[in-house]
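Colleague: The following block contains the structure, expressed as structure tokens.
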Amino acid sequence: MKAVKFQNQKVIMVDAPMPDISEHEALIKILMAGICATDVELYKGYQDFQGIPGHEFVGIVEKAPQAPEIVGKRVVVDINIGCGQCLRCRNGDARHCPLRRVVGIRGQDGGFAEYCAVPVDNLRVLPEGLETIDAVFAEPLAAALEIAQQVHIRNDTKLAVMGDGKMGLLCAFALNHYSTRVTIIGRHAEKLELAAAQGISTCNTSDMPPEMLEQRLKGAFDVVVEASGNPDAINQAVKLTAPEGTIVVKTTSHQPSKINLAELVVNELTILGSRCGDIGFAVKCLGNRWVHVASLVDSVYSFADFPKAFEHAMAPGSKKILLAFE
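Per our numbering, the sequence shown starts with residue 2, numbered consecutively.
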């Protein structure tokens with residue numbers, strides 16, 4: 002089968018063997034996949050991943066010895082695979098299993114290939130009415146929705162999302178259902194317009210020095226979601242957060258971040274890491290049209306054109322780049 006690997010910051014299309022599946026796994030034929038900012042970080046060396054990347058995808062179940070009733074069904078995947086034995090797994094939290102594998106990111110081949118093997122327990126069957134092009138957003142939307150599972154957000158919570166990239170926009174779209182006072186801060190007018198179309202306030206910083214933004218919005222928000230992808234943006238998030246407020250960090254960068262602890266301590270701020278979420282909940286939101294994601298699609302490429310698609314995904318200002326396998 003055709004598959005993608007990243008080697009020395011190069012995209013390599015390879016002929017890979019078909020995945021072998023155990024009785025507890027399913028063989029998934031990939032229909033569509035999305036390129037994520039985390040994939041770009043893997044390309045740059047994040048996690049030193051050597052397998053087949055790709056963790057946002059929709060596929061059809063071709064084989065499932067343990068669950069023949071789902072053969073032929075379209076599915077998405079909960080990407081965290083726990084060991085099943087540790088305390089975290091026994092308490093139902095495979096996301097933080099110390100031995101976990103993460104599909105397309107850590108120790109488990111992903112969806113940038115014609116086929117993928119995934120444990121049956123990690124599959125979520127899609128409702129008939131949900132379009133594949135929308136369902137491919139289930140994994141990143143789950144990550145965006147996770148914020149409201151971690152932080153108590155009221156209707157009047159003043160909330161900022163830093164970054165108008167794919168994750169930033171998804172966070173703004175998701176959190177707009179919890180608070181009427183969401184502002185997204187970014188540098189791309191056309192992407193900020195997507196948020197404005199959903200009733201979200203916007204702040205365009207393309208012509209604004211950082212110190213001006215910090216002066217204008219210093220301490221203005223109860224919750225700040227840092228989703229810019231910039232490892233240095235955490236210090237600006239500190240300045241925008243009100244005393245006793247919370248900073249939710251979504252950025253995963255291969256570069257380290259340095260934080261000014263003094264202001265953090267004086268203002269008694271909470272910094273909260275936020276990763277994956279409940280993909281079943283995300284599927285429900287998409288299926289019920291509670292969150293609209295169609296405007297986030299930039300282009301759809303054939304999987305055979307992956308190098309060109311990946312180059313487009315890395316271009317500044319690009320929206321979601323999708324790969325079609327049929």
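All C-beta atoms, glycine included, are put in the ideal place defined by N, C-alpha and C. Model, not experiment: these values are computed from the prediction.
I'd like to know if the stretch 263 to 277 and the stretch 182 to 198 are in contact, where contact means that at least 3 CB-CB pairs between them fall below 8 Å.
Modeller: No: the two stretches stay apart, fewer than three of their Cβ pairs being nearer than 8 Å.
Colleague: Tell me, please, which residues DSSP counts as bridged to Met33.
Modeller: For the purposes of this step, residue 33 is taken as the residue at position 32 of the sequence shown. Answer is Val59 and Ala325, bridged to Met33.
Colleague: In three-state terms, what does DSSP make of Glu26?
Modeller: Within the sequence shown, the letter at position 25 stands for residue 26. Three-state result, Glu26: strand.
Colleague: Determine the closest residue to Phe304 out of Val78, Gln67 and Gly35, with distance taken between C-alpha atoms.
Modeller: Working through the sequence shown from its first residue, we reach residue 304 at position 303. Cα-wise, what sits closest to Phe304 is Gly35.
Colleague: Nearest to Pro244 by CA position, among Ala221, Leu170, Asp49 and Pro99, is which residue?
Modeller: The residue labelled residue 244 in the question sits at position 243 within the sequence shown. The candidate whose alpha carbon is nearest that of Pro244 is Ala221.
Colleague: Could you tell me whether the stretch 117 to 135 touches the stretch 52 to 69, where touching means 3 or more Cβ pairs closer than 8 Å?
Modeller: Flag = yes, the stretch 117 to 135 and the stretch 52 to 69 touch.
Colleague: Would you mind giving the Cβ-Cβ distance between Ala27 and Phe113, rounded to the nearest angstrom? I have them listed as a contact below 8 Å.
Modeller: Within the sequence shown, the letter at position 26 stands for residue 27. Within the sequence shown, the letter at position 112 stands for residue 113. That belief does not hold up - the Cβ atoms of Ala27 and Phe113 are roughly 18 Å apart, past 8 Å.
Colleague: Is there contact here, the stretch 76 to 83 with the stretch 287 to 296, by at least three beta-carbon pairs under 8 Å?
Modeller: The stretch 76 to 83 is not in contact with the stretch 287 to 296.
Colleague: Starting from Asn123, follow its DSSP beta bridges and name the residues at the other end.
Modeller: Position 122 of the sequence shown, counting from 1, holds the residue named residue 123. Answer is none; Asn123 lacks a bridge partner.
Colleague: Taking the alpha carbon of Ala17 as the reference point, which residue from Glu24, Lys6, Ser23 and Lys11 has its own alpha carbon closest?
Modeller: In the sequence shown, the residue the question calls residue 17 occupies position 16. Comparing Cα positions, the closest option is Lys6.
Colleague: Whose CA, out of Leu131, Pro210 and Ser254, lies closest to the CA of Leu43?
Modeller: Counting from one through the sequence shown, the residue named residue 43 turns up at place 42. The shortest Cα separation from Leu43 among Leu131, Pro210 and Ser254 belongs to Ser254.
Colleague: In whole angstroms, what is the alpha-carbon distance linking Gly46 and Glu191?
Modeller: If you number the sequence shown from 1, residue 46 lands on position 45. If you number the sequence shown from 1, residue 191 lands on position 190. For Gly46 and Glu191, the distance between alpha carbons rounds to 30 Å.
Colleague: Which residues share a DSSP beta bridge with Phe222?
Modeller: Walking along the sequence shown from the start, residue 222 turns up at place 221. DSSP, once it has assigned bridges, lists Thr242 as partnering Phe222.
Colleague: On the three-state DSSP scale, how would you describe Ala144?
Modeller: Taking the first residue of the sequence shown as position 1, residue 144 is located at position 143. Residue state, collapsed to three classes: helix.
Colleague: Excluding sequence positions up to five away, which residues of its chain have a Cβ less than 6 Å from the Cβ of Glu63?
Modeller: Walking along the sequence shown from the start, residue 63 turns up at place 62. Correct list, in chain order: Leu28 and Lys30.
Colleague: Whose C-alpha, out of Glu194, Tyr302, Glu140 and Val284, is nearest the C-alpha of Ala38?
Modeller: Numbered from its first residue, the sequence shown carries residue 38 at position 37. Nearest option by C-alpha distance: Glu140.
Colleague: Quick check: what's the CA-CA separation for Gln256 versus Pro232?
Modeller: Here residue 256 refers to the residue found at position 255 when the sequence shown is read from its first residue. Here residue 232 refers to the residue found at position 231 when the sequence shown is read from its first residue. Spanning the two alpha carbons is a distance of roughly 6 Å.
Colleague: Between which two residues does the alpha helix (DSSP H) harbouring Leu43 extend?
Modeller: On the sequence shown, residue 43 is found 42 positions in, with the first residue counted as 1. Looking at the DSSP string, the run of the alpha helix (DSSP H) that includes Leu43 is Ala38 to Lys45.
Colleague: Below 9 Å between beta carbons: does that hold for Ala136 and Val284?
Modeller: Taking the sequence shown and counting its residues from 1, one reaches residue 136 at position 135. Taking the sequence shown and counting its residues from 1, one reaches residue 284 at position 283. Closer than 9 Å, so yes.
Colleague: Name the DSSP bridge partner or partners of Arg217?
Modeller: Residue mapping note: residue 217 aligns to position 216 of the sequence shown, counting from 1. Arg217 is not bridged to any residue.
Colleague: Where does Thr181 fall in DSSP's three states?
Modeller: Residue 181 sits at position 180 when you count from the first residue of the sequence shown. Three-state DSSP puts Thr181 in coil, outside helix and strand.
Colleague: By how many angstroms is the C-alpha of Thr252 removed from the C-alpha of Thr242?
Modeller: Mapped onto the sequence shown, residue 242 falls at position 241. Mapped onto the sequence shown, residue 252 falls at position 251. So the alpha carbons of these two residues sit roughly 17 Å apart.
Colleague: Which value, in whole angstroms, describes the spacing of the CA atoms of Glu215 and Ala325?
Modeller: Within the sequence shown, the letter at position 214 stands for residue 215. Within the sequence shown, the letter at position 324 stands for residue 325. Looking at the two C-alpha atoms, the distance is approximately 42 Å.
Colleague: Whose C-alpha, out of Phe282, Ile61, Pro210 and Lys320, is nearest the C-alpha of Glu115?
Modeller: Mapped onto the sequence shown, residue 115 falls at position 114. Among Phe282, Ile61, Pro210 and Lys320, the Cα nearest to that of Glu115 is on Ile61.
Colleague: Can you tell me whether Cys277 is helix, strand or coil according to DSSP?
Modeller: Stepping through the sequence shown from its first residue, residue 277 is reached at position 276. Three-state result, Cys277: coil.
Colleague: Here's the rule: buried if 16 or more other CB atoms are within 10 angstroms of the residue's CB, otherwise exposed. What is Glu57?
Modeller: The residue you call residue 57 lines up with position 56 of the sequence shown. Glu57 should be labelled buried.
Colleague: Going straight from the alpha carbon of Phe50 to that of Ala196, what length do you get?
Modeller: On the sequence shown, position 49 is the one that residue 50 refers to. On the sequence shown, position 195 is the one that residue 196 refers to. If I take the Cα positions, the gap works out to 33 Å.
Colleague: Flag this pair as yes or no: are the beta carbons of Ile260 and Ile235 separated by less than 9 Å?
Modeller: Residue 260 sits at position 259 when you count from the first residue of the sequence shown. Residue 235 sits at position 234 when you count from the first residue of the sequence shown. Yes.
Colleague: Thinking just about the alpha-carbon of each residue, which of Arg96, Glu129, Val239 and Phe311 is nearest to the one in Val266?
Modeller: Position 265 of the sequence shown holds residue 266. The shortest Cα separation from Val266 among Arg96, Glu129, Val239 and Phe311 belongs to Val239.
Colleague: Are Gly278 and Ala144 touching if we call contact CB-CB under 9 Å?
Modeller: As a working note, residue 278 is residue 277 in the sequence shown. As a working note, residue 144 is residue 143 in the sequence shown. It is a contact, given that the beta carbons lie within the stated cut-off.
Colleague: Would you please state the rounded distance, in angstroms, between the beta carbons of Arg89 and Cys98? I believe it to be under 8 Å.
Modeller: As a first step, residue 89 must be located in the sequence shown, where it is residue number 88. As a first step, residue 98 must be located in the sequence shown, where it is residue number 97. Yes, they are in contact, since the Cβ atoms of Arg89 and Cys98 sit about 5 Å apart, within 8 Å.
Colleague: What does the Cβ neighbour count give for Ile13, buried or exposed, with the cut at 16 atoms within 10 Å?
Modeller: The count along the sequence shown starts at 1 and reaches residue 13 at position 12. Flag for Ile13 reads exposed.
Colleague: Gly169 and Ser229: beta carbons closer than 9 Å?
Modeller: Stepping through the sequence shown from its first residue, residue 169 is reached at position 168. Stepping through the sequence shown from its first residue, residue 229 is reached at position 228. Closer than 9 Å, so yes.
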